[in-house]
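Visitor: Quick note on UniProt numbering: the sequence shown kicks off at 1 and runs consecutively.
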Amino acid sequence: MIRLYFVRHGETEWNKIGKFQGSADVSLNNIGKIQADLTAEYIKKFKFDKIYSSPLKRAFETASKIAEKQNIGIIKDERLKEMNFGDWEGLSFDCIETKWPGRLKEMYYSPDKVNIPNGETFLQVQMRTKNFLNNLLENEGDKNYLIVSHGVTLRIIFCNLLGIPLNKAWNLSQKNANISCIEYRDKNRSILIFLNYTDHLSKVKE
Numbered sequence: 001m002i003r004l005y006f007v008r009h010g011e012t013e014w015n016k017i018g019k020f021q022g023s024a025d026v027s028l029n030n031i032g033k034i035q036a037d038l039t040a041e042y043i044k045k046f047k048f049d050k051i052y053s054s055p056l057k058r059a060f061e062t063a064s065k066i067a068e069k070q071n072i073g074i075i076k077d078e079r080l081k082e083m084n085f086g087d088w089e090g091l092s093f094d095c096i097e098t099k100w101p102g103r104l105k106e107m108y109y110s111p112d113k114v115n116i117p118n119g120e121t122f123l124q125v126q127m128r129t130k131n132f133l134n135n136l137l138e139n140e141g142d143k144n145y146l147i148v149s150h151g152v153t154l155r156i157i158f159c160n161l162l163g164i165p166l167n168k169a170w171n172l173s174q175k176n177a178n179i180s181c182i183e184y185r186d187k188n189r190s191i192l193i194f195l196n197y198t199d200h201l202s203k204v205k206e
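1) For the region 68 to 102, list the alpha helix (DSSP H) runs that are entirely contained and at least 4 residues long, ordered along the chain.
2) Where do the N-terminal and C-terminal ends of the beta strand (DSSP E) with I43 fall, by residue?
3) Look at I66 and L192 and say whether their C-beta atoms are less than 8 angstroms apart.
4) So who's on the other strand from I164, going by DSSP bridges?
5) Could you check which residue in T153, G119 and I157 has the C-alpha nearest to that of N134?
6) Does T121 come out as helix, strand or coil in the three-state DSSP assignment?
7) On the CB-based measure, 16 or more other CB atoms within 10 Å of its CB, does K99 come out buried or exposed?
8) Starting from I17, follow the alpha helix (DSSP H) in both directions and report where the run begins and ends.
9) Roughly how many angstroms lie between the CA atoms of N115 and T121, to the nearest whole one?
10) Going by Cα to Cα distance, which pick from N30, N71, D77 and V7 is closest to H150?
11) Using three-state DSSP, classify N171 as helix, strand or coil.
12) Can you tell me whether DSSP reads residue 208 as helix, strand or coil?
13) Evaluate L123 with the Cβ neighbour count: other Cβ atoms within 10 Å of its Cβ, from every protein chain shown; 16 or more gives buried, anything less gives exposed.
14) How big is the Cα-Cα spacing for F132 and I75?
15) Does the beta-carbon of R185 have 16 or more other beta-carbons within 10 angstroms, so that it is buried, or is it exposed?
16) Thinking C-alpha only, which one of I72, R189 and K81 is nearest K47?
17) Between which two residues does the beta strand (DSSP E) harbouring I51 extend?
18) Can you look up D186 in the DSSP assignment and give me helix, strand or coil?
19) In three-state terms, what does DSSP make of F46?
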């Protein structure tokens, strides 16, 4: 049996002001750093055999805080990067709606069908994350792993593991620096233990 723990990165300035980040390499802001510290302190009670992280700064900075408490290294994996939002990156929701009317609604209600200009599709992210999971789950034994990644990427990973249709990905909440856990029994059975846990962040909740 494998236990997979998941953490979304802490807050960035682009999170705060509502800009699409995607593949843009944005660092944690001050709140995000506090969130990462609080997450690291809370999650230290779970002992991880390996920690995997997206190489993007906001995820790796979060993973680094956790790794310090665990006295373990971090394995960067490109397949854990956030979805590339192409021409939307760096833009606000209002700006996107002005330039591409109706496309945001399509992304939230039909994510499996939307095409973002010069970006990835949800299906492409699903393919690369499936590849990551297949490598991890086929080649490793009964252990605990931590995966630090991003909002869209984690939602798609959960769809992969739990058999949730991709068009329901946005039904899975993923707040900054939340913790989730899935127990992998075999290729036909994964059990959601908890999702989007944020009680450890109460000191920085608005």
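All C-beta atoms in this analysis are idealised placements derived from N, C-alpha and C, irrespective of residue type, glycine included.
Guide: This is what the structure holds:
1) When DSSP assignments are scanned along the region 68 to 102, the uninterrupted stretches of alpha helix (DSSP H) that are 4 or more residues long and fall wholly within it turn out to be 93 to 99.
2) Counting along the chain, I43 falls outside any beta strand (DSSP E), though it belongs to the alpha helix (DSSP H) covering N30 to I43.
3) No, they are not a contact pair.
4) I164 pairs with nothing; no bridge assigned.
5) Looking from the CA of N134, the closest CA among T153, G119 and I157 belongs to I157.
6) T121 falls in the coil class under three-state DSSP.
7) The residue in question, K99, is exposed, as its Cβ has fewer than 16 Cβ neighbours within 10 Å.
8) Counting along the chain, the unbroken alpha helix (DSSP H) around I17 starts and ends at E13 to I17.
9) N115 and T121: Cα-Cα distance of roughly 6 angstroms.
10) Minimum Cα distance to H150 is reached at V7.
11) Assignment of N171 by DSSP, reduced to helix, strand and coil, places it in the helix class.
12) In the structure as shown, the chain begins at 1 and stops at 206. Residue 208 is therefore absent and cannot be evaluated.
13) Residue burial annotation: L123 is exposed, with fewer than 16 other C-beta atoms found within 10 angstroms of its C-beta.
14) A straight line joining the alpha-carbon of F132 with that of I75 spans about 12 angstroms.
15) Around the beta carbon of R185, fewer than 16 other beta carbons sit within 10 angstroms, so the residue counts as exposed.
16) When I72, R189 and K81 are compared, the shortest CA-CA separation from K47 is found for I72.
17) Its beta strand (DSSP E) spans residues K50 to S53.
18) Look at D186 here: in three-state DSSP terms it is strand.
19) Correct three-state label for F46: coil.
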